[in-house]
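In what follows, a structure is listed as structure tokens, so that the remarks can point back to it.
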Amino acid sequence: MKETPRIILKPGREVSLLRHHPWLFSGGIARAERDLEPGALVAVYDASNTFLAWGHYSPESQIRVRLISWDDEETPDTSAFWEARLRRALEARALLFHDRSTNAFRLINAESDGIPGLIVDRYADALVLQSLTVGIEARKELLAELLMTRLLPPDWSSSFKPRTLYERSDADVRGKEGLKSRVGLLGGKEPDDTIEILENGLRFLVDVRGGQKSGFYLDQRENRQHLREAVQGAAKVGKAPTLLNVFAYTGGFAIYGLAGGAGATVNVDASAEALSLGRRNLSLNALGENATEDIADDAFKVLRQMRQERRLFDCIVLDPPKFAFTEKDVQRASKGYKDINLQALHLLPVGGLLFTFSCSGAITADLFQKIVFGAALDAGREVQIIGWMTQSGDHPVALTF
1 MKETPRIILK
11 PGREVSLLRH
21 HPWLFSGGIA
31 RAERDLEPGA
41 LVAVYDASNT
51 FLAWGHYSPE
61 SQIRVRLISW
71 DDEETPDTSA
81 FWEARLRRAL
91 EARALLFHDR
101 STNAFRLINA
111 ESDGIPGLIV
121 DRYADALVLQ
131 SLTVGIEARK
141 ELLAELLMTR
151 LLPPDWSSSF
161 KPRTLYERSD
171 ADVRGKEGLK
181 SRVGLLGGKE
191 PDDTIEILEN
201 GLRFLVDVRG
211 GQKSGFYLDQ
221 RENRQHLREA
231 VQGAAKVGKA
241 PTLLNVFAYT
251 GGFAIYGLAG
261 GAGATVNVDA
271 SAEALSLGRR
281 NLSLNALGEN
291 ATEDIADDAF
301 KVLRQMRQER
311 RLFDCIVLDP
321 PKFAFTEKDV
331 QRASKGYKDI
341 NLQALHLLPV
351 GGLLFTFSCS
361 GAITADLFQK
371 IVFGAALDAG
381 REVQIIGWMT
391 QSGDHPVALT
401 F
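One point on numbering: in the numbering used here, the residue at position 211 of the sequence shown is 211, and numbering is uninterrupted.
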């Protein structure tokens with residue numbers, strides 16, 4: 001510990017660290033003992049010189065240190081440390097490795113798996129890595145080697161051995177760390193243009209090199225299954241429910257809905273390319289290439305047009321991209337969320353189902369509920385909450401975070 005550079009906090013600024021929050025902001029730091037390289041391992045001490053935690057130093061980010069361990073006896077920068085930390089995350093997902101109906105899910109979820117800045121997703125026999133901080137960037141080669149050669153022996157699953165490790169470090173957040181975008185092969189073989197995955201028994205084609213996020217919205221896996229079950233239930237007691245899937249991307253919710261017995265189905269997305277891949281997914285699941293009507297246009301515009309046309313859908317999915325990137329965006333984003341929910345509520349008949357989502361961290365669950373309530377009030381609709389949805393279990397949230 002003596003050889004590791006030290007960060008000294010201002011008096012009274014240790015509270016969040018004592019609660020094991022993984023971020024230390026620049027405003028809480030009194031001084032560093034010496035000049036530090038980006039990504040350097042540092043030991044954090046309070047103003048009375050008591051050890052608090054280990055972390056990675058990021059000179060360009062307001063989050064100046066990403067904390068990785070609170071154990072002063074640990075050596076948190078060895079191959080053995082990182083192998084143990086990675087293996088812990090994988091062991092938490094052991095059931096998914098043995099689930100023959102699903103071969104695409106998140107392996108490492110950054111801070112919430114004790115590895116700030118690292119995202120790793122599995123797509124069949126390919127791994128996709130996102131390095132989002134200078135601390136991870138400095139250790140990326142070691143982590144890549146561990147992922148490809150040390151962590152996934154045959155006993156994890158007889159059907160899985162990674163063939164590809166591809167990097168998709170192209171998220172905007174890297175800019176706040178002083179990092180440039182990086183995309184390309186890290187290990188194994190170059191991935192195909194599309195990789196076929198299995199999710200809850202359904203088949204999808206994923207573009208890991210250029211698709212949204214790391215290729216697919218894996219965090220919605222369990223919610224897509226909820227939709228299929230809801231459609232199945234509705235179909236049992238009446239006609240096949242019609243479905244409107246807004247911000248559809250490659251049609252994941254539509255595929256699930258059709259597999260559950262949905263009737264006429266419409267996908268809306270600004271990307272014609274994404275909708276085209278969605279049509280291939282229809283064929284892949286023997287649903288017929290023309291099982292959906294696809295509209296490549298602005299969702300706000302389309303929802304208004306449908307309202308003017310007095311179209312109705314028994315089930316509507318609103319799964320928009322992030323509207324609020326920071327606290328400064330909350331007011332504007334709230335108006336956007338209210339608008340799409342207002343329009344959707346006008347398109348639902350009595351008894352219709354609305355699956356509505358926000359992936360904006362700055363929009364709290366309480367605020368989102370108030371936004372939807374405001375939309376319902378303006379639409380003149382009586383609305384009941386019959387369920388809450390969240391990210392899939394392979395996207396955990398640390399209780400301290």
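Think of the CB as a built atom: it goes at the ideal place given N, C-alpha and C, for glycine as much as any other residue.
* Asked: When the distance is taken between beta carbons, is A264 closer than 8 Å to T242?
  -> Going by C-beta atoms, T242 is nearer than 8 Å to A264.
* Asked: Between G114 and G135, is the Cβ-Cβ spacing less than 8 Å?
  -> For G114 and G135, no; Cβs fall outside 8 Å.
* H56 - containing beta strand (DSSP E), residue span -> Under the DSSP assignment, H56 falls in the beta strand (DSSP E) whose first and last residues are 51-57.
* Going by the beta-carbon positions, is the gap between A398 and E111 smaller than 8 Å? -> Yes.
* Could you please give me the residues that DSSP links to F373 through a beta bridge? => In the DSSP output, where bridge partners are listed per residue, F373 has none listed.
* To do: Assign A53 to one of two classes, buried (16 or more other C-beta atoms within 10 Å of its C-beta) or exposed (fewer than that).
  => Answer is buried; the Cβ neighbour count reaches 16.
* **Option nearest E177 by Cα separation, candidates R66, A84, G387** => It is R66 whose Cα lies nearest to the Cα of E177.
* What's the C-alpha gap between L342 and F325? -> Straight-line Cα distance between these residues: approximately 22 Å.
* Would you list the one or two residues that DSSP bridges to A296? => According to DSSP, which records beta bridges pairwise, A296 is partnered with D269.
* Just the C-alpha distance for L41 and T50, rounded to the nearest angstrom, thanks. => Distance from the CA atom of L41 to the CA atom of T50, rounded to whole angstroms, is 17 Å.
* Asked: When you compare only the Cα positions, how much space is there between R203 and T133?
  -> In this structure, the alpha-carbon of R203 lies about 33 Å from that of T133.
* Asked: CA-CA distance, G260 and Q232?
  -> Near 5 Å, if we compare the C-alpha coordinates of Q232 and G260.
* To do: Look up M1 in the DSSP assignment and say whether it is helix, strand or coil.
  => Legend: pLDDT at M1 = 44, less than 50; position of this residue unreliable, value from coordinates given subsequently. In the three-state scheme derived from DSSP, where H, G and I count as helix and E and B as strand, M1 is classed as coil.
* Beta-carbon proximity check, L348 vs L303, cutoff 8 Å -> No Cβ-Cβ contact shorter than 8 Å links L348 with L303.
* Taking the alpha-carbon positions, what's the M1 to E14 distance? -> Annotation note: pLDDT 44 at M1 (below 50); position unreliable, coordinate value reported separately. CA-to-CA, the gap between M1 and E14 works out to about 19 Å.
* Cβ neighbours of R279 in the same chain (closer than 6 Å, five flanking residues each side left out) -> Around R279: E289.
* To do: Ignoring anything shorter than 3 residues or poking outside the region 107-171, list the beta strand (DSSP E) runs there in chain order.
  => For the region 107-171, whole beta strand (DSSP E) runs of length 3 or above, ordered along the chain, are 118-123, 126-131, 164-169.
* To do: Classify R122 as buried or exposed, calling it buried when 16 or more other Cβ atoms lie within 10 Å of its own Cβ.
  => Looking at its Cβ environment, which holds 16 or more other Cβ atoms inside 10 Å, R122 is buried.
* Asked: Closest by CA to P59, which one among D35, A262, S69?
  -> Checked all of D35, A262, S69; the closest Cα to P59 is D35.
* Asked: Taking the beta strand (DSSP E) that G188 falls in, what are its first and last residues?
  -> Where G188 is concerned, the enclosing beta strand (DSSP E) stretches over 182-188.
* Asked: Taking one C-beta from the region 125-132 and one from the region 167-174 each time, how about it: are there three or more such pairs within less than 8 Å?
  -> With contact defined as three or more Cβ pairs closer than 8 Å, the region 125-132 and the region 167-174 are in contact.
* Asked: Can the beta-carbon of R224 be found less than 8 Å from the beta-carbon of Y256?
  -> Yes, Cβ-Cβ distance for R224 and Y256 is below 8 Å.
* Asked: Sorted by chain position, which residues of the same chain lie with C-beta nearer than 6 Å to M389's C-beta, five sequence neighbours on each side aside?
  -> For M389, where only same-chain residues beyond five positions count, the Cβ hits under 6 Å are N223.
* Alpha-carbon spacing of F401 relative to K328, whole angstroms -> Near 21 Å, if we compare the C-alpha coordinates of K328 and F401.
* Exposure label - G252; buried when at least 16 CB within 10 Å -> A residue is called buried when at least 16 other Cβ atoms come within 10 angstroms of its Cβ; G252 meets this threshold and is buried.
* What are the boundary residues of the beta strand (DSSP E) that includes L198? -> Taken as a continuous stretch (DSSP letters only), the beta strand (DSSP E) holding L198 covers 195-199.
* Asked: Considering only C-alpha positions, which residue in the set Y337, G211, D125, D294 is nearest to K189?
  -> Nearest of Y337, G211, D125, D294 to K189, Cα basis: D125.
* Asked: Does the Cβ of E289 lie closer than 7 Å to at least one heavy atom of the ligand ZN?
  -> Judged by which ligands are present, the structure shown has none, so any question about the ligand ZN falls away.
* DSSP state of Y249, grouped into three classes? -> Coil, per DSSP.
* **Among G211, R174, L244, nearest to D192 - alpha-carbon criterion** => The option with the nearest alpha carbon to D192 is G211.
* **Proximity to A84 [Cα-Cα], best of L147, G238, A138** => Checked all of L147, G238, A138; the closest Cα to A84 is L147.
* To do: Give every residue of the same chain whose Cβ lies closer than 8 Å to the Cβ of R310, excluding the five residues on either side of it in the sequence, and list them in chain order.
  => Counting only Cβ-Cβ distances below 8 Å, and skipping sequence neighbours, we find nothing.
* **Simplified DSSP state of S79, which is helix, strand or coil** => Secondary structure of S79 (DSSP, three-state): helix.
* Identity of the residue in K301, A344, F300 nearest V317 by Cα -> When each option's Cα is compared against that of V317, the closest is A344.
* **Within 8 Å, strictly: CB atoms of I7 and A32** => Remark: C-beta atoms of I7 and A32 approach each other more closely than 8 Å.
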